[in-house]
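In this note's numbering, the protein residues as written are 2 to 529. Ideal Cβ placement from N, Cα and C applies to all residues, glycine included. Since the structure is predicted, the reported quantities are computational estimates derived from the model, not experimental observations.
Below, the structure written as structure tokens:
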């Protein structure tokens with residue numbers, strides 16, 4: 002029998018949980034019984050949110066202003082951000098963060114006072130980053146999960162993997178990408194512990210599946226970040242946008258062969274960290290007057306340039322001059338990780354760092370309420386493209402965007418709920434004629450090849466020749482995998498690789514289409 006929900010949420014990070022929590026609280030206040038299903042492909046707290054170190058940005062002090070935060074966001078986005086969306090997020094942000102606090106989220110306060118200890122990060126003109134040590138995302142995730150688990154209408158399904166969205170296509174109807182009457186009715190979901198694909202039917206579905214980091218060799222994203230929501234939406238005739246804008250975090254810890262890369266937070270440079278070459282020389286003065294506090298795209302390209310010029314596998318981040326006691330108070334996990342894993346004493350040793358894929362500024366195109374072009378399908382968080390980030394995300398705006406749009410999607414969902422109609426006789430998942438593959442080594446090898454293609458040809462610096470080579474090689478992987486997919490019963494590894502191939506295609510396609518360099522997209526052939 003199908004699972005029947007009023008609302009289905011795919012993903013359990015800040016975007017999905019804030020949306021689910023708002024819905025549950027709304028209907029409990031009205032004393033109405035609803036079912037809200039939240040599915041996550043591993044344990045509930047294994048999300049991109051959990052790995053966000055630095056903090057969440059918002060105007061919080063009298064010295065700051067909405068206009069300054071708006072302008073900082075526009076500048077970082079190379080003025081390709083949608084100013085209307087930027088104004089919405091910045092203006093509504095403090096209220097949404099206050100709600101997180103009311104759920105039990107803790108942010109660091111100044112010693113002996115009630116005022117929050119606001120940090121400053123690259124691209125920000127003022128101190129406006131609320132943080133909890135260097136594990137802000139994990140703290141928000143903890144509080145939201147506790148709140149969600151306290152609400153009886155929310156059911157969290159762990160180890161359930163969304164395979165495909167259910168739209169009019171599954172009803173046997175022909176659907177085109179720009180049709181205005183396509184509808185979503187839930188998803189086919191794989192129980193990874195039983196291997197059975199089940200129907201999760203819902204009046205409204207929200208995608209909150211995070212990013213695409215694992216299409217690259219170096220990424221700060223957890224292993225779950227395989228572009229699932231974006232690929233599912235694209236196959237369902239959703240519209241993608243700005244996929245070429247891939248943010249590489251300038252300072253991931255250099256540990257050859259380790260994935261994900263441990264993140265050395267942007268806030269470390271905000272605290273006073275200085276970038277240096279292997280010879281100990283500073284170099285950011287050659288690239289930007291803001292030095293180590295320049296926006297991430299500039300810093301990442303500068304590091305990439307220095308590494309290529311010197312033939313070095315990394316550069317260094319120097320914090321030896323910083324107040325050690327204050328540093329360890331702000332960054333206890335970074336300090337401990339460097340010591341425990343690399344034997345680095347940050348009081349005297351430089352930290353080896355390398356750029357790593359960190360964030361996707363594009364995604365599924367949505368409007369100001371998180372609605373996709375498919376009716377009753379919403380997308381929030383990193384899998385969506387709201388227009389906030391433009392060509393480059395301003396540091397610590399991602400958690401802010403997720404919580405603001407989680408709220409706005411909730412508001413629109415409630416408004417349109419009476420219009421949702423569930424058709425009868427939605428077909429069950431059909432895997433007749435398929436078999437379990439005897440071995441998955443082919444999937445592993447294709448995945449390695451995909452990561453190599455994207456890292457070598459579609460990374461920080463691109464060219465027309467590199468992009469064409471990437472597309473040609475990706476097509477071969479696609480054809481090979483599609484044959485395997487058609488013959489096999491679905492599994493998480495096979496589905497993840499399918500999704501990674503499709504989002505890689507979108508990244509390459511949109512990178513090839515952009516003829517000017519903006520923000521995170523830098524093509525050598527576009528340089529005049």
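Spatial neighbours of residue 517 in its chain, beta-carbon cut-off 8 Å, leaving aside the 5 residues before and after: 527
Proximity to residue 99 [Cα-Cα], best of 503, 401 and 444: 401
In chain order, each beta strand (DSSP E) run of at least 3 residues that lies wholly inside the stretch 379–451: none
Whole runs of the alpha helix (DSSP H) within the stretch 461–507, excluding any shorter than 4 residues: 465–488
Opening and closing residue of the alpha helix (DSSP H) in which residue 339 lies: 333–343
Counted within 10 angstroms of its Cβ, other Cβ atoms place residue 204 as buried (16 or more) or exposed: buried
DSSP three-state assignment for residue 1, whether helix, strand or coil: The structure shown has nothing for residue 1, since the chain only spans 2 to 529.
Separation of residue 337 from residue 385, as counted between CA atoms: 34 Å
Where residue 215 falls: helix, strand or coil (DSSP): helix
Inter-residue spacing [alpha-carbon to alpha-carbon] between residue 85 and residue 397: 19 Å
Assigned exposure category for residue 138 - 16 Cβ within 10 Å defines buried: buried
Residue 216 beta carbon less than 8 Å from that of residue 501: yes
For residue 331 and residue 57, the rounded distance between their alpha carbons: 15 Å
Cβ contact (3+ pairs, closer than 8 Å) linking the stretch 144–159 and the stretch 33–41: yes
C-beta contact flag for residue 213 and residue 186 at 8 Å: no
Cβ shell of residue 72 (< 8 Å), same chain only, five flanking positions each side left out: 126
Inter-residue CB distance, residue 207 and residue 18 (contact presumed, cutoff 8 Å): Actually they are not in contact, since the Cβ atoms of residue 207 and residue 18 sit about 11 Å apart, beyond 8 Å.
Cβ neighbours of residue 458 in the same chain (closer than 6 Å, five flanking residues each side left out): 467, 470 and 471
Range of the contiguous beta strand (DSSP E) that encloses residue 201: 197–208
Sequence ranges, alpha helix (DSSP H) only - wholly within the stretch 210–292, length at least 4: 229–236 and 267–272
Alpha-carbon spacing of residue 169 relative to residue 175, whole angstroms: 8 Å
Span of the beta strand (DSSP E), counted from its first residue to its last, around residue 38: 37–41
Beta carbon of residue 493 nearer than 8 Å to that of residue 191: yes
Residues near residue 437 by beta carbon distance below 6 Å, same chain, minus five either side: 490
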